[in-house]
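Report on the following structure.
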Amino acid sequence: MSAQEAARRQLIAALTPIVGERYVLHRPEELLLYEYDGSALDQATPDVVVVPASTEEVAACLREAWQRGVPVVARGAGTGLAGGSVAERGGLVVSLARMNRVLSVDPLARTAVVQPGVVNVDLSVAAAPYGLHFAPDPSSQRSSTIGGNVAANAGGPHCLKYGVTAAHVLAATLVLADGSVLRVGGAVPDAPGYDLLGVVVGSEGTLGIVTEVMVRLTPNPEAVHTFLAIFDEMDGASAAVSAIIAAGIVPAALEMLVGEGIAAVEAAVRAGYPTDARAVLLIEIDGLREDLADQARRIAEHCTAHGARELRAAADEEQRQRLWAGRKGALAACARIAPHYHIQDGVVPRSRLPELLRFTEEVARRHRITVVNIFHAGDGNLHPLLLFDLREPGVRERAIAAGEEILRACVEAGGSISGEHGIGIEKRDYLAWIFGAADLEAFAQLRAVFDPAGQMNPCKLLPMGSSCADIQQARGALRAVAQGAWI
Ligand SMILES: Cc1cc2nc3c(=O)[nH]c(=O)nc-3n(C[C@H](O)[C@H](O)[C@H](O)COP(=O)(O)OP(=O)(O)OC[C@H]3O[C@@H](n4cnc5c(N)ncnc54)[C@H](O)[C@@H]3O)c2cc1C
Numbered sequence: 237m238s239a240q241e242a243a244r245r246q247l248i249a250a251l252t253p254i255v256g257e258r259y260v261l262h263r264p265e266e267l268l269l270y271e272y273d274g275s276a277l278d279q280a281t282p283d284v285v286v287v288p289a290s291t292e293e294v295a296a297c298l299r300e301a302w303q304r305g306v307p308v309v310a311r312g313a314g315t316g317l318a319g320g321s322v323a324e325r326g327g328l329v330v331s332l333a334r335m336n337r338v339l340s341v342d343p344l345a346r347t348a349v350v351q352p353g354v355v356n357v358d359l360s361v362a363a364a365p366y367g368l369h370f371a372p373d374p375s376s377q378r379s380s381t382i383g384g385n386v387a388a389n390a391g392g393p394h395c396l397k398y399g400v401t402a403a404h405v406l407a408a409t410l411v412l413a414d415g416s417v418l419r420v421g422g423a424v425p426d427a428p429g430y431d432l433l434g435v436v437v438g439s440e441g442t443l444g445i446v447t448e449v450m451v452r453l454t455p456n457p458e459a460v461h462t463f464l465a466i467f468d469e470m471d472g473a474s475a476a477v478s479a480i481i482a483a484g485i486v487p488a489a490l491e492m493l494v495g496e497g498i499a500a501v502e503a504a505v506r507a508g509y510p511t512d513a514r515a516v517l518l519i520e521i522d523g524l525r526e527d528l529a530d531q532a533r534r535i536a537e538h539c540t541a542h543g544a545r546e547l548r549a550a551a552d553e554e555q556r557q558r559l560w561a562g563r564k565g566a567l568a569a570c571a572r573i574a575p576h577y578h579i580q581d582g583v584v585p586r587s588r589l590p591e592l593l594r595f596t597e598e599v600a601r602r603h604r605i606t607v608v609n610i611f612h613a614g615d616g617n618l619h620p621l622l623l624f625d626l627r628e629p630g631v632r633e634r635a636i637a638a639g640e641e642i643l644r645a646c647v648e649a650g651g652s653i654s655g656e657h658g659i660g661i662e663k664r665d666y667l668a669w670i671f672g673a674a675d676l677e678a679f680a681q682l683r684a685v686f687d688p689a690g691q692m693n694p695c696k697l698l699p700m701g702s703s704c705a706d707i708q709q710a711r712g713a714l715r716a717v718a719q720g721a722w723i
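In this text, residue positions in the sequence shown follow my numbering: the first is 237, and each later residue adds one.
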């Protein structure tokens, strides 16, 4: 038996008394399910998956991994789009699937305490009897978890008005690599001292595993208006987005669908989208009933002034839900065009949207790949969805090259490489485009404070040099290699 296999068996034996045999997964057919996340391009098999049921169990599992130098990767629902929950270096995947309870809802304080494996939409369902909801609503909200949302600092259509996940997290419990437990943040705002909660949100599982979260809940609005603005020209739709925001109107959501994606969505969902349009804006405004009529009128004026040929309002809640089902089901709908995708997450100043959208189409043409743009236009968060069939030789490399060109253009336009999906594996080496060596070194040092051995989600989030080999060699995490075991 190889040293690696012997070490794996020892780890299985150590984890079993902690969580029970049923929740230590190690057979090839069990590990298969944990090989990938929502991105098509990153895949790796973990050595062992453990499914703990409490903070104490997570801590005990991490202590075992720590003593053995085993890399640890936290996993929520695995819907991430940057390879974040893929165990690129093997090791232990900690699935939070069993920690899926809403522990309490406090309607007076408008807060809830939840375990990390709670599915995003289930939290809003639990808060609904109190007229409250959890505002961050990634399009994956029917499957992605609060822990994953916190780790990725997820956004969503309604984050334009309400802010991304970071704005809705008050406190978190974090199990560190060595199994110690840290509580960051608190119910009371503006706590003195360093903002460790701010560091933890968006850290993509590289600092520890979030095992409990206190979140802010948002009152449901008194009234909601949802409508589609339909355009024959893509540039007109982009210009309308800029004009609406520049006029001081902040819609609850301002989403854009372009080209082939509209027809794919309509074919899959029958949401009521016009299949002959070049672009549509899905616009939602919410608030006090008396304010909405005026806002709707002003938005309609801006759309018409920029060439909208028609505005269609949702007549009732059922129509509104159908329009949203179209938008939120868009990624799945595009499987009708091609079986695989590589989605980018660049952000640009809104005024640069028209040129960037044209650029994505030009890049896709050059790389002989279909591109569909369905994205959070209101905050300039582009999601060029590159569609292809991985069975075609060379297409993987062409898709990566096309994605890289698009992200470079976003950065050159004054934007960034990620609006909400995180960095993960896919974009770790692009980080050096937007941060200097001193910044990256500071990030690496910060990470090492939480995880000196670099065992938590190794080689993610930071460029390979600063996050992976350098840190681990410098701080001795490779001791397992010396013993012929992990990493
Ligand atoms: C169809 C579709 C639509 C999407 N739409 C959006 C969108 O609108 N907005 C958006 O922001 N994203 C979107 N995403 C991306 C994805 O859903 C989000 O990043 C989501 O937050 C990931 O949650 P998850 O539970 O699936 O986490 P995973 O994919 O399992 O993990 C994501 C990252 O978080 C870490 N992690 C997970 N749980 C924990 C924990 N408890 N403690 C510490 N680290 C942890 C993982 O290690 C990994 O690095 C979409 C994805 C899909 C497939």
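Where a beta carbon is used, it is the ideal one built from N, C-alpha and C, also for glycine.
Since we're looking at a predicted model, the values are computed, not measured.
C-beta atoms of residue i and residue j nearer than 8 angstroms
{"i": "A638", "j": "I605", "result": "yes"}
{"i": "L528", "j": "M692", "result": "no"}
{"i": "V287", "j": "I382", "result": "no"}
{"i": "D278", "j": "Y272", "result": "yes"}
{"i": "A388", "j": "H657", "result": "yes"}
{"i": "L317", "j": "G274", "result": "yes"}
{"i": "G562", "j": "V505", "result": "yes"}
{"i": "H612", "j": "I521", "result": "no"}
{"i": "G438", "j": "G384", "result": "no"}
{"i": "G399", "j": "S375", "result": "no"}
{"i": "A479", "j": "H404", "result": "no"}
{"i": "L517", "j": "E546", "result": "no"}
{"i": "H534", "j": "D468", "result": "Reading the sequence as shown, one finds Arg at residue 534 and not His. Cβ atoms of R534 and D468: not closer than 8 angstroms."}
{"i": "A333", "j": "E300", "result": "no"}
{"i": "V451", "j": "A348", "result": "yes"}
{"i": "R304", "j": "A243", "result": "yes"}
{"i": "S360", "j": "T315", "result": "no"}
{"i": "V285", "j": "V329", "result": "yes"}
{"i": "P688", "j": "R325", "result": "no"}
{"i": "L339", "j": "V355", "result": "no"}
{"i": "L592", "j": "V411", "result": "no"}
{"i": "L623", "j": "V608", "result": "yes"}
Paired residues, beta bridge with residue i - DSSP
{"i": "D342", "result": "T347"}
{"i": "M450", "result": "V349, A407"}
{"i": "G523", "result": "A459"}
{"i": "H612", "result": "N617"}
{"i": "Q279", "result": "Y272"}
{"i": "L328", "result": "V284, V308"}
{"i": "F419", "result": "Per the sequence shown, the amino acid found at residue 419 is Arg instead of Phe. Paired residue(s): T409."}
{"i": "E546", "result": "I466"}
{"i": "E677", "result": "None, per the DSSP bridge assignment."}
{"i": "M492", "result": "L517, F611"}
{"i": "F671", "result": "Answer is none; F671 lacks a bridge partner."}
Candidates the options, of which the one nearest residue i by Cα
{"i": "G497", "options": "G472, P487, L621, T462", "result": "L621"}
{"i": "E554", "options": "D471, A318, A574, F463", "result": "F463"}
{"i": "R548", "options": "V294, S375, I466, G565", "result": "I466"}
{"i": "A295", "options": "A668, V446, V350", "result": "V446"}
{"i": "A276", "options": "A333, A678, P575", "result": "P575"}
{"i": "T409", "options": "A550, V420, D512, P425", "result": "V420"}
{"i": "D426", "options": "Y259, V417, A407", "result": "A407"}
{"i": "A280", "options": "R263, V322, Q303, C297", "result": "V322"}
{"i": "T454", "options": "H603, V417, A507, D373", "result": "D373"}
{"i": "G434", "options": "A413, E662, T401", "result": "T401"}
{"i": "A413", "options": "K564, L339, T291", "result": "T291"}
{"i": "M700", "options": "E662, D687, F686, V685", "result": "E662"}
{"i": "V386", "options": "V436, E640, L589", "result": "V436"}
{"i": "I485", "options": "L339, R525, A532", "result": "A532"}
{"i": "A289", "options": "P253, E633, L268", "result": "P253"}
{"i": "A674", "options": "L698, S652, G651, S654", "result": "L698"}
{"i": "E628", "options": "T596, V599, H603", "result": "H603"}
{"i": "E526", "options": "L261, E598, E458", "result": "E458"}
{"i": "E265", "options": "G256, E257, D283", "result": "D283"}
{"i": "Y195", "options": "A678, E648, L682, A571", "result": "Residue 195 cannot be examined here, being either before or after the span of the chain that is shown, 237 to 723."}
{"i": "S654", "options": "L261, M335, E440, R258", "result": "E440"}
Whole-number beta carbon distance between residue j and residue i, since they are thought to touch under 8 angstroms
{"i": "K696", "j": "R644", "result": "Contact flag wrong, Cβ pair sits at about 21 angstroms."}
{"i": "A489", "j": "G582", "result": "Between G582 and A489 the Cβ distance is about 19 angstroms, and since that is not below 8 angstroms, they are no contact."}
{"i": "L368", "j": "N456", "result": "7 angstroms"}
{"i": "Q557", "j": "I642", "result": "About 32 angstroms; that fails the 8 angstroms criterion."}
{"i": "A566", "j": "I610", "result": "4 angstroms"}
{"i": "V309", "j": "G327", "result": "7 angstroms"}
{"i": "G650", "j": "P585", "result": "5 angstroms"}
{"i": "I573", "j": "A500", "result": "6 angstroms"}
beta-carbon residue i near ligand 3 non-hydrogen atom, thresh 7 angstroms
{"i": "L317", "result": "You won't find ligand 3 in this model; what it holds is ligand 1."}
Test: residue i CB closer than 8 angstroms to a CB of chain C
{"i": "R525", "result": "Among the chains of the structure shown, chain C does not appear; only one protein chain is present."}
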